[in-house]
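A.B. asks: I'd like to ask you about the structure that follows.
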Amino acid sequence: MSGEAYALLCAFLWALSSAMFKSQTHKGHVTTLIVLRTLPPLIGYWGVLVFTGQIRALGQLSPRTWLFLCGSSVAGMVIGDLMYVQSMKLIGLSRTMPLAYTYIFITILLAWALLGEEVRWTVVGGAVLIACGAYLLAIPRGAMAATTSQATRRTNTIGVVLALATAVCWASDTVLLRAGVQEVSVVTANAIRLSMPMLALLPLSFRVGDIRQLGQYGARTLIILFLTGLIGAGLGTFAFVSAVQLAGAARTSVITAASPLFAVPLSLLLKERPSSRTWVGTALIVAGVWLTMM
């Protein structure tokens with residue numbers, strides 16, 4: 094499978110897992126939800142390392158590789174995902190995902206500045222379309238009207254800021270991953286990357302006390318969270334790392350930014366009601382993605 098095909102598959106899997114995860118965000122603390130989502134693929138990847146003998150290769154990795162892989166995970170899968178989930182809770186999946194996926198523009202800039210990747214005029218045109226789409230999503234009609242309560246405006250502002258901050262973190266994740274994934278297998282890279290959210294967030298989950306009360310979630314919620322982990326953090330991350338290896342950071346970020354195209358229709362299943370501005374903004378972002386690919 095080509096790098097572009099892996100990136101498109103990743104876009105769909107991440108959109109699907111985000112919709113599933115959003116349906117459960119009201120059930121508990123965000124740190125515990127992410128821990129429960131991360132656990133199944135983490136066990137799976139480390140199991141593969143042990144049974145295939147690849148675990149011996151961990152001792153042969155350079156300090157540089159460890160730094161980039163761990164740094165990419167902290168940026169994207171810890172800090173970025175925490176802000177992403179909180180933004181979804183505040184402004185919904187249909188707005189959070191397109192805003193967060195403006196990380197494509199930041200990734201292209203970082204890839205040009207740090208990795209020496211070429212930036213064509215189509216990239217600039219795509220960035221303009223993406224910026225216009227992000228504006229429509231960030232400021233919905235009437236959001237700043239006098240009749241809108243101060244609490245609503247504040248919630249909207251915080252949600253938008255968190256989504257855009259997520260974009261910065263995900264861009265950093267992609268570029269750092271590109272730099273650190275050269276000498277490792279996809280399974281090894283994912284085993285290391287998925288370990289960081291568990292190490293960082295599991296102590297926080299015990300501190301808030303939420304993870305010690307798993308009975309409050311119920312079997313249905315736990316099953317959905319585990320499936321979300323297998324689809325997004327498991328299969329989706331496998332496709333993402335494969336795409337970065339084969340197609341590069343900038344091209345992968347461009348194609349995975351098509352996730353909003355899948356996410357907005359999926360948000361209908363969550364009983365969200367995307368406005369006409371949401372659909373137009375999403376369309377502009379997707380158009381910007383494809384222009385950048387030309």
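Residue numbers (the numbering used here): 94 to 387. Note that beta-carbon positions come from the ideal geometry of N, C-alpha and C, so glycine has one too.
DSSP three-state call for Gly121: helix, strand or coil?
C.D. replies: Taking the sequence shown and counting its residues from 1, the one referred to as residue 121 is at position 28. Three-state result, Gly121: coil.
A.B. asks: For Leu384, I'd like the list of residues in its chain whose CB is within less than 7 Å of its CB, leaving aside the five on either flank, ordered along the chain.
C.D. replies: As a working note, residue 384 is residue 291 in the sequence shown. Thr215, Gly218, Gly219, Leu222.
A.B. asks: Could you tell me the alpha carbon to alpha carbon distance between Glu211 and Ala351, rounded to whole angstroms?
C.D. replies: Here the question's residue 211 lines up with position 118 in the sequence shown. Here the question's residue 351 lines up with position 258 in the sequence shown. When rounded, the distance between both Cα atoms is 21 Å.
A.B. asks: Residues in its own chain within less than 8 Å of Val171 by CB, not counting five upstream and five downstream?
C.D. replies: Here residue 171 refers to the residue found at position 78 when the sequence shown is read from its first residue. Answer for Val171: Met289, Pro290, Ala293, Leu294, listed in chain order.
A.B. asks: Which of the three DSSP states, helix, strand or coil, is assigned to Ser95?
C.D. replies: Against the sequence shown, residue 95 aligns to sequence position 2. Three-state result, Ser95: coil.
A.B. asks: If we ignore side chains and look at the alpha-carbon of each, how far apart do Thr245 and Ala108 end up?
C.D. replies: The residue given as residue 245 occupies position 152 in the sequence shown. The residue given as residue 108 occupies position 15 in the sequence shown. So the two alpha carbons sit approximately 26 Å from each other.
A.B. asks: DSSP state of Thr158, grouped into three classes?
C.D. replies: Here residue 158 corresponds to residue number 65 of the sequence shown, with the count starting at 1. Note: Thr158 maps to helix in three-state DSSP.
A.B. asks: If I'm right that Thr267 touches Met176 with Cβ under 8 Å, what's the distance once you round it to whole angstroms?
C.D. replies: Locating residue 267 in the sequence shown gives position 174, counting from the first residue. Locating residue 176 in the sequence shown gives position 83, counting from the first residue. That pair is no contact at about 16 Å.
A.B. asks: Mapping the DSSP letters down to three states, classify Ala394 as helix, strand or coil.
C.D. replies: The question about residue 394 has no answer here: the residues shown for the chain are numbered 94 through 387.
A.B. asks: Taking just the CA atoms, how far does Pro134 sit from Leu287?
C.D. replies: Translated into the one-based positions of the sequence shown, residue 287 becomes position 194. Translated into the one-based positions of the sequence shown, residue 134 becomes position 41. Those two C-alpha atoms are separated by around 8 Å.
A.B. asks: I believe Thr118 touches Val178 by the beta-carbon criterion, under 8 Å. Please report the beta-carbon distance rounded to the nearest angstrom.
C.D. replies: On the sequence shown, residue 118 is found 25 positions in, with the first residue counted as 1. On the sequence shown, residue 178 is found 85 positions in, with the first residue counted as 1. Contact holds; Cβ gap of about 6 Å.
A.B. asks: For chain B, check one thing: does any of its Cβ atoms lie closer than 7 Å to the Cβ of Thr250?
C.D. replies: Given the protein chain composition of this structure (a single chain), no chain B is represented.
A.B. asks: With burial defined as no fewer than 16 other Cβ atoms inside 10 Å of the residue's Cβ, what is the status of Gln275: buried or exposed?
C.D. replies: Position 182 of the sequence shown, counted from the first residue, corresponds to residue 275. Gln275 should be labelled exposed.
A.B. asks: What is the rounded straight-line gap between the Cα of Ser298 and the Cα of Arg370?
C.D. replies: Numbered from 1 along the sequence shown, position 205 holds the residue referred to as residue 298. Numbered from 1 along the sequence shown, position 277 holds the residue referred to as residue 370. About 37 Å.
A.B. asks: Give me the Cα-Cα distance between Ser335 and Gln243, rounded to the nearest whole angstrom.
C.D. replies: On the sequence shown, residue 335 is found 242 positions in, with the first residue counted as 1. On the sequence shown, residue 243 is found 150 positions in, with the first residue counted as 1. Whole-angstrom Cα-Cα distance: 45 Å.
A.B. asks: In whole angstroms, give me the CA-to-CA distance for Pro296 and Gly308.
C.D. replies: The residue given as residue 296 occupies position 203 in the sequence shown. The residue given as residue 308 occupies position 215 in the sequence shown. The straight-line gap from Cα to Cα measures roughly 19 Å.
A.B. asks: Using the three-state DSSP reduction, which class does Thr195 fall into: helix, strand or coil?
C.D. replies: Position 102 of the sequence shown, counting from 1, holds the residue named residue 195. The answer is coil: DSSP assigns Thr195 none of H, G, I, E or B.
A.B. asks: One question on the structure: do Ser180 and Leu255 come within less than 7 Å of each other, judged by their Cβ atoms?
C.D. replies: Sequence index remark: in the sequence shown, residue 180 carries index 87 (1-based). Sequence index remark: in the sequence shown, residue 255 carries index 162 (1-based). Yes.
A.B. asks: Across the region 320-338 and the region 190-201, are there enough close Cβ pairs to call them in contact, namely three or more that are closer than 8 Å?
C.D. replies: No, the region 320-338 does not touch the region 190-201.
A.B. asks: Express the C-alpha separation of Ala282 and Gly329 in angstroms, rounding to a whole number.
C.D. replies: Taking the first residue of the sequence shown as position 1, residue 329 is located at position 236. Taking the first residue of the sequence shown as position 1, residue 282 is located at position 189. Rounded to the nearest angstrom, the two C-alpha atoms are 13 Å apart.
A.B. asks: Are Thr349 and Ala104 closer than 7 Å when you measure CB to CB?
C.D. replies: In the sequence shown, residue 349 corresponds to position 256, counting from 1. In the sequence shown, residue 104 corresponds to position 11, counting from 1. Yes. Within cutoff.
A.B. asks: Residues in its own chain within less than 7 Å of Val123 by CB, not counting five upstream and five downstream?
C.D. replies: In the sequence shown, residue 123 corresponds to position 30, counting from 1. Answer for Val123: Leu175, Val178, Gln179, listed in chain order.
A.B. asks: Considering only their Cβ atoms, is the gap separating Ala227 from Met343 smaller than 7 Å?
C.D. replies: Here residue 343 corresponds to residue number 250 of the sequence shown, with the count starting at 1. Here residue 227 corresponds to residue number 134 of the sequence shown, with the count starting at 1. Residue identity check: residue 343 is Ala in the sequence provided, not Met. Cβ distance not < 7 Å, so Ala343 and Ala227 don't count as in contact.
A.B. asks: Just the Cα atoms here: how many angstroms apart are Asn249 and Gly374?
C.D. replies: For the purposes of this step, residue 249 is taken as residue 156 along the sequence shown, with counting starting at 1. For the purposes of this step, residue 374 is taken as residue 281 along the sequence shown, with counting starting at 1. For Asn249 and Gly374, the distance between alpha carbons rounds to 16 Å.
A.B. asks: If you measure between the beta carbons of Gly273 and Leu162, is that distance less than 7 Å?
C.D. replies: Locating residue 273 in the sequence shown gives position 180, counting from the first residue. Locating residue 162 in the sequence shown gives position 69, counting from the first residue. Contact flag set, yes.
A.B. asks: Arg313 by DSSP, collapsed to three states: which one?
C.D. replies: In the sequence shown, the residue the question calls residue 313 occupies position 220. Note: Arg313 maps to helix in three-state DSSP.
A.B. asks: Would you identify the three-state DSSP class for Ser278, choosing helix, strand or coil?
C.D. replies: Looking up residue 278 in the sequence shown gives position 185. It is coil, neither helix nor strand.
A.B. asks: Take the Cβ of Ala312 as the centre, count every other Cβ of all protein chains shown within 10 Å, and call the residue buried at 16 or more, exposed below.
C.D. replies: Taking the sequence shown and counting its residues from 1, one reaches residue 312 at position 219. Under this definition Ala312 is an exposed residue.
A.B. asks: Runs of 4 residues minimum, wholly inside the region 131-180: which ones carry the alpha helix (DSSP H) assignment?
C.D. replies: The qualifying runs are 156-166.
A.B. asks: Less than 7 Å separating the beta-carbons of Val280 and Val141?
C.D. replies: Taking the first residue of the sequence shown as 1, we reach residue 280 at position 187. Taking the first residue of the sequence shown as 1, we reach residue 141 at position 48. Going by C-beta atoms, Val280 is nearer than 7 Å to Val141.
A.B. asks: What do you reckon, are the CB atoms on Leu270 and Ser155 nearer than 7 Å?
C.D. replies: Taking the sequence shown and counting its residues from 1, one reaches residue 270 at position 177. Taking the sequence shown and counting its residues from 1, one reaches residue 155 at position 62. No, the pair does not count as a contact, with Cβ atoms beyond the cut-off.
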